[in-house]
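*Asks:* Encoded as structure tokens, here's the structure I'll be asking about.
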Amino acid sequence: MKLAPSVLLWGLLACAHAPTGTPIAAQTSVSAFTYPAFERGDVVDHYHGTSVTDPYRGLEDAEAPAVMAWVDEQNTLTRSVLDAVPQRVAIRDRLQTMWNFERFGVPSQRAGLYLYSHNTGLQDQSVLLRANAYDAEPKLLLDPNSFSEDGTASLANHSLSGDGKYLAYAVSASGSDWRTVHVRDLETGEDLAEDHLEWAKFTDLVWHPDHSGFWYGRYPQPAKNEADSLHHQSLYFHRIGTSQAEDVLVMSNQDEPQWGFGAEPTHDGRWLTVGIWVGSAEVNGIRVRSLEKNGEWIDLHMNLDAEYQLVGSEGDTLWFFTNHDAPRGRVISVDLQHPEPEHWNELIPQNADTLRHVSHVGDRLVAQRLHHGRSSVHLYGTDGTDHGALDLPGLGSVRGFEGSPDSDETFFSFTSFTQPRTIYRADVSTLETELFRAPDVDFSGSDYETEQVFVKSPAGTEVPVFLTHRKGLVLDGTNPTLLYGYGGFNIPIQPAFSVPISVWLEMGGVFASANLRGGGEYGQDWHKAGTLDKKQNVFDDFIAVGEWLIHSGYTTPQKLAIHGRSNGGLLVGATMLQRPDLFGAALPGVGVLDMLRYHKFTIGWAWASDYGTSDDPQVFPYLLAYSPVHNAVPKAYPPTLITTADHDDRVVPLHSYKFAAALQHAQMGAAPILLRVDVKAGHGAGKSVNMAKEEWADRWAFLVDSLGMALEW
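Right, here's the structure in full:
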């Protein structure tokens, strides 16, 4: 956390014998589709007095020969269907052409070195560059394309030591969340032999101010396999030149298996703060210890009732971003000599917009906010004095604004639905910006426009929606439209350029991005309105937007497709089951689809803050009411392409396997239910350009055929 029907697409489905030229709407024979068989079991689970069958429990064992054979058969079927769409080759070629542009990451500066990512266009993985000045010619520092022969290993994260001598970097294999950490000596260009760390996950690599080593979080080695449930993360300190066995345990809590830890020292090196997080909940505790005296830990706030992020410090005073008593966020100062909440002072108060991130650059606090889902940036003094807003290029989103209290220089990116990610350099003391890198993309963004509308959900809640389409669009109900959403975990969905979406626009499509409840667009209250027993609000919002698009003349049900990934895959799965009449196609990707058992695999338990679990008798009924795997009943469903990956160890592929099997078994209409499983890929991060291109070519080919798009390419 995105295609007049072709007779070939339907005709190649196993036993399909529809007459040549017969449109899919006229086909009524359910037997036209023969899907790979998987034996339905007789497993019955008992939840608080309710019996629930789970006939596809066998698909949870991804390494079982029968499951692997079934997946191979599903992929073979899906390939035969999608490869038969005449326009697929042209779509794939157009994706490749548009993806072939030079792009850059936001630079970070430390010890006089500027580091940023770079991709010449079609490199599977972006490389890491270094330069001695922001405008100097960069040199190659690290090439992740050398990590594996097939481009499936990626650079997950990296951190430069404060003296510029060492680079700690983490590698992900096949898209896994597991990280292997290495340390490179920048003088020799070689990795240190001893410094090889394993079983790191959900962690940054944070250097000690004296450059002797770094803090990181790791889990115990899984007892059975890497898909086992994850608990008991611990915070360790690794000293350069030593083995992992010598790492020093800094913090753990065996009585709290769901706790995780993240270290961050203050810029002056006086204090170490440790954030203690619990799953995906927007709450954490803060502990602080003197680095100079190596003193006792100070529990700054351990109620786990709000979020705290270190912003900066001055002597014994620390500044934190928090949503404590401020659901849309504020900045407070805490005197460590009197750390109790009654002594906190407010530096930047909450206002009508949602505060998402604050950084300390020069003598300014840079505050990034959301105004109806789009970015704004405001600067304040370290005493809270308002120094004005930074001018942004338009309606879009920004990232970056990291830097040092010793320098007024910072970098940020700006992007919109029609503008590729562009990098700027800024002076926080003058509010002046200058262009650093601008991509040259083979896409005429000026031919398209974005507008924001507000759609009323059934309870009267106004849901923001960004609509992007070709200028002069005629609202005659004939436009193929893709509706995208997420709606969860306090994550805002902001305007951003996407090569696949740009190709969709060129194909004549309308793109609608909905800011649903459950997300982070309006702060804590908006998020909580789409969680737990209120999760149905998210589905209602999505359905309301779909109905609005139809009633407003943008499209019709036959030409409306929905897409979402991860929690958004759940969104798509649930809404297509609740309103199959509303959509012409569905694209659930890497979705959380078995809501009764999701918490039993890998990091699934961490999502209970949004979902709850079936172990709770109060929670079980509403999970059962919308769980896609358990609500696929005999009915006519729209064409559906379910996508997942065999190495996804976040939302494990069993969700998509079980949903595909259940939906194929329940389908009473003529439309296909297809499962596409990527090999040597994970949840999405680090996926190679080539793999992404092929996946999106499949999605767009599926929609060309399903929505009856007249595509002349």
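For what it's worth, our numbering labels the leading residue of the sequence shown as 11, then goes sequentially.
Think of the CB as a built atom: it goes at the ideal place given N, C-alpha and C, for glycine as much as any other residue.
1) Indicate whether V341 and L375 have their beta-carbon atoms separated by less than 8 Å.
2) Is it true that the stretch 559-576 meets the stretch 494-501, where meeting means three or more beta-carbon pairs spaced less than 8 Å apart?
3) Considering only DSSP beta bridges, list what W706 is partnered with.
4) With a CB to CB cut of under 7 Å and the five nearest residues on each side skipped, what residues in its chain are close to F5?
5) Beta carbon of T460, beta carbon of S407: below 8 Å?
6) Please confirm whether Y126 has its beta-carbon closer than 8 Å to some beta-carbon of chain C.
7) Are the beta-carbon atoms belonging to P649 and A670 less than 8 Å from one another?
8) Is the beta carbon of V513 sitting closer than 8 Å to the one on N85?
9) Buried or exposed for N294, going by 16 or more other Cβ atoms inside 10 Å?
10) Among residues of its own chain, excluding the 5 on either side of P505, which ones have a beta-carbon nearer than 8 Å to its beta-carbon?
11) Strictly by DSSP, which residues pair up with G322?
12) Of the choices W558, R120, F552, whose alpha-carbon is the least far from that of Q588?
13) For P449, collect the residues of the same chain with a Cβ closer than 8 Å to its Cβ; drop the 5 residues on either side in sequence, then sort them by chain order.
14) Helix, strand or coil for W354? Go by DSSP, reduced to three states.
15) Could you tell me the alpha carbon to alpha carbon distance between S414 and F446, rounded to whole angstroms?
16) The beta strand (DSSP E) spanning V371 covers which residue range?
17) If we ignore side chains and look at the alpha-carbon of each, how far apart do L105 and P359 end up?
18) Cα-Cα, which of A642, S624, G694, V520 is closest to L717?
19) Checking the sheet assignment: what are the DSSP bridge partners for T654?
20) Using 8 Å as the threshold, is the C-beta distance between L69 and V77 below it?
21) For A598, which residues of its own chain have a beta-carbon under 6 Å away from its beta-carbon, when the five flanking residues on both sides are left out?
22) Cβ atoms of Q119 and N155: under 8 Å apart, would you say?
23) What does a CB cutoff of less than 8 Å around E306 pick up in its chain, not counting 5 residues either side in sequence?
24) So what's D396 in DSSP terms, helix, strand or just coil?
25) Determine the contact status of S637 and M678, defining contact as a CB-CB distance below 8 Å.
26) Measuring straight from C-alpha to C-alpha, what distance separates I250 and L685?
27) Just reading off the beta strand (DSSP E) that Q378 is part of, what are its end residues?
28) By DSSP, does E256 sit in helix, in strand, or in coil?
29) Y632 to S624, Cα distance in whole Å?
30) Assign S323 to buried or exposed, taking buried as 16 or more other Cβ atoms, counted over all protein chains shown, within 10 Å of its Cβ.
31) Report the residue from S171, W536, S136, K645 whose alpha carbon sits nearest the alpha carbon of D363.
32) With H, G and I counted as helix, E and B as strand and the rest as coil, what does DSSP make of L580?
33) When the distance is taken between beta carbons, is L346 closer than 8 Å to L328?
34) Could you give the uninterrupted runs of the alpha helix (DSSP H) lying entirely in the stretch 498-533, keeping only those of 4 residues or more?
35) Quick one: is V284 buried, meaning 16 or more other Cβ sit within 10 Å of its Cβ, or exposed?
36) Return the chain-ordered list of same chain residues with a C-beta closer than 6 Å to the C-beta of Y57, the five sequence neighbours on each side being excluded.
*Replies:* According to the structure data:
1) Cβ atoms of V341 and L375: closer than 8 Å.
2) As far as the Cβ criterion goes, the stretch 559-576 touches the stretch 494-501, which means the pair count is three or higher.
3) Looking at the DSSP assignment, W706 forms no beta bridge with any residue, so it has no partner.
4) Within the shown structure, residues of the chain are numbered from 11 to 723, placing residue 5 beyond reach of any answer.
5) In this structure, S407 does not lie closer than 8 Å to T460 by Cβ.
6) Annotation note: the requested chain C is absent from the structure, which comprises a single protein chain.
7) The answer is no: Cβ separation not under 8 Å.
8) For V513 and N85, no; Cβs fall outside 8 Å.
9) Buried is the call here.
10) So the list reads G383, R384, L405, G406, S407, T425, S426, F427, T460, F476, S523, once near-sequence residues are dropped.
11) Residue pairing by DSSP places G322 opposite W329 in a beta bridge.
12) The option with the nearest alpha carbon to Q588 is F552.
13) Short of 8 Å from the beta carbon of P449, and not among the five residues preceding or following it, lie these beta carbons of its own chain, in chain order: F111, E112, R113, F114, P430, R431, T432.
14) W354: coil per DSSP, three-state reduction.
15) Cα to Cα, S414 sits roughly 19 Å from F446.
16) First-last of the beta strand (DSSP E) with V371: 364-371.
17) Roughly 45 Å between the two C-alpha positions.
18) L717 has its Cα closest to that of V520, out of A642, S624, G694, V520.
19) T654 is bridged to V687.
20) Result yes, Cβ atoms of L69 and V77 sit closer than 8 Å.
21) According to the sequence shown, residue 598 is Pro rather than Ala. In its chain, beyond the 5 residues on either side, G579, V582, G583, I652 have a beta carbon closer than 6 Å to the beta carbon of P598.
22) Contact flag unset, no.
23) The residues R299, in chain order, have a CB closer than 8 Å to that of E306 in the same chain once the five nearest residues on each side in sequence are set aside.
24) If DSSP states are grouped into helix, strand and coil, D396 belongs with the strands.
25) No, the pair does not count as a contact, with Cβ atoms beyond the cut-off.
26) If I take the Cα positions, the gap works out to 46 Å.
27) Taken as a continuous stretch (DSSP letters only), the beta strand (DSSP E) holding Q378 covers 374-381.
28) In the structure shown, the three-state DSSP call for E256 is helix.
29) Spanning the alpha carbons of Y632 and S624 requires a straight line of approximately 9 Å.
30) Buried is the call here.
31) Cα-wise, what sits closest to D363 is W536.
32) In the three-state reduction of the DSSP assignment, L580 falls in the helix class.
33) Yes. Within cutoff.
34) Whole alpha helix (DSSP H) segments, 4+ residues: 509-516.
35) That one is buried.
36) S624, F630, listed in sequence order.
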